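Enquirer: Everything in the sequence shown is counted per full-length UniProt numbering, starting at 1 for the first residue and increasing by one. All C-beta atoms, glycine included, are put in the ideal place defined by N, C-alpha and C. Bear in mind the structure is a predicted one, so any value in this text is a computation, not a measurement. Below is one structure. I have some questions about it.
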Amino acid sequence: MSTTAARLGAVTTAVLGATLLAAPVADAAPTVTTRTANFTASATTVTRGTAVTFKGQTQRLSGTRWVALPNTVATVWFDADGTAPNKLMGTVRSNSLANLTAKLTPSASGYWTIRVSQTATLKPSVTVRKYVRVTTPTSYRPAAGSWNCPSWAPIKGNLSSHIYHMPWQRYYSRTKPEMCFATEAAAVKAGYRKSKV
């Protein structure tokens with residue numbers, strides 16, 4: 001590749017991509033190595049239900065240099081513990097500058113990767129993965145006037161009296177919760193005491 005061609009960056013990539021796709025490669029294995037560079041996560045620890053934004057740039061290896069690979073489909077993968085088979089979570093396409101963004105809401109802790117989708121010429125490779133830890137919240141503030149707490153935080157708390165009610169207690173069904181707690185320990189830590197009946 002000439003120096004001038006090398007400077008063209010994305011344009012050169014598009015031309016080379018078209019040339020490779022035009023070649024008779026139906027029976028050949030992919031030969032162009034790819035990666036997602038500058039892979040980042042907006043947070044490494046989140047509360048369950050909170051979205052995380054992953055960003056990166058799709059690139060391909062050209063000789064000994066990595067160059068941008070714009071307008072390319074990539075797949076998002078999740079691995080809960082680092083050893084289980086990766087689970088496909090969706091696809092995303094990089095823009096004209098080869099940058100991509102994927103916003104997801106993890107439900108469990110684990111490793112995330114984004115790989116360029118395999119084609120007749122492109123082969124994916126994993127160069128970086130991000131671990132995101134998902135924590136379970138211990139309390140929840142329900143909508144005003146609600147009679148219910150979510151199943152993961154069933155303990156009803158009365159804000160004015162700072163008394164909490166367990167599901168089997170007498171006044172549980174008559175209490176409109178102003179706070180809900182996952183455990184009694186969480187309620188006590190927040191300054192609440194247990195109802196006597």
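Measuring straight from C-alpha to C-alpha, what distance separates Q169 and G110?
Expert: For Q169 and G110, the distance between alpha carbons rounds to 38 Å.
Enquirer: Could you tell me which residues DSSP pairs with A158 in its beta bridges?
Expert: The amino acid at residue 158 is misidentified as Ala; the sequence shows Asn. Bridge partners of N158: I163.
Enquirer: Compute the beta-carbon to beta-carbon distance between H165 and K156, rounded to the nearest angstrom, for a pair I have assumed lies under 8 Å.
Expert: Contact flag correct, Cβ pair sits at about 5 Å.
Enquirer: Is V126 helix, strand or coil by DSSP?
Expert: Note: V126 maps to coil in three-state DSSP.
Enquirer: On the criterion of 16 or more Cβ atoms from any shown chain inside 10 Å, does P70 qualify as buried, or is it exposed?
Expert: Buried: at least 16 other Cβ atoms inside 10 Å.
Enquirer: Looking at W66 and R115, is the spacing between their C-beta atoms short of 9 Å?
Expert: No, Cβ-Cβ distance for R115 and W66 is not below 9 Å.
Enquirer: How should S94 be labelled, buried or exposed, when 16 other C-beta atoms within 10 angstroms of its C-beta is the threshold for buried?
Expert: That one is buried.
Enquirer: Looking at C-alpha atoms only, which residue of R60, S62, T58, T105 is the closest neighbour of S42?
Expert: Looking at the Cα atoms, T105 is the closest of the given residues.
Enquirer: Please state the DSSP three-state secondary structure of V188.
Expert: Note: V188 maps to helix in three-state DSSP.
Enquirer: If V134 and V46 are in contact, beta carbons under 8 Å, what's the gap, nearest whole angstrom?
Expert: With 8 Å as the limit, V134 and V46 qualify as a contact, their Cβ atoms being about 6 Å apart.
Enquirer: Classify S96 as helix, strand or coil using the three-state DSSP reduction.
Expert: Of the three classes helix, strand and coil, the one that applies to S96 here is coil, per DSSP.
Enquirer: Does the beta-carbon distance from Y131 to T44 come in below 9 Å?
Expert: Yes, they are a contact pair.
Enquirer: Under the DSSP definition of a beta bridge, which residues are partnered with Q57?
Expert: Paired residues: A37, N99.
Enquirer: Give the DSSP bridge partners of D79, in chain order.
Expert: DSSP output for D79 lists Y111 as bridge partner(s).
Enquirer: Roughly how many angstroms lie between the CA atoms of L97 and Q57, to the nearest whole one?
Expert: Whole-angstrom Cα-Cα distance: 8 Å.
Enquirer: With 16 as the cutoff for other CB atoms within 10 Å, does T34 come out buried or exposed?
Expert: Per the 10 Å Cβ criterion, buried.
Enquirer: Quick check: what's the CA-CA separation for A86 versus V126?
Expert: At residue 86 the sequence reads Asn, which differs from the Ala that was named. In a straight line, the C-alpha of N86 is about 12 Å away from that of V126.
Enquirer: What separation, rounded to the nearest whole angstrom, lies between the Cα atoms of A190 and V92?
Expert: One C-alpha to the other measures close to 42 Å.
Enquirer: Evaluate W112 with the Cβ neighbour count: other Cβ atoms within 10 Å of its Cβ, from every protein chain shown; 16 or more gives buried, anything less gives exposed.
Expert: Buried is the call here.
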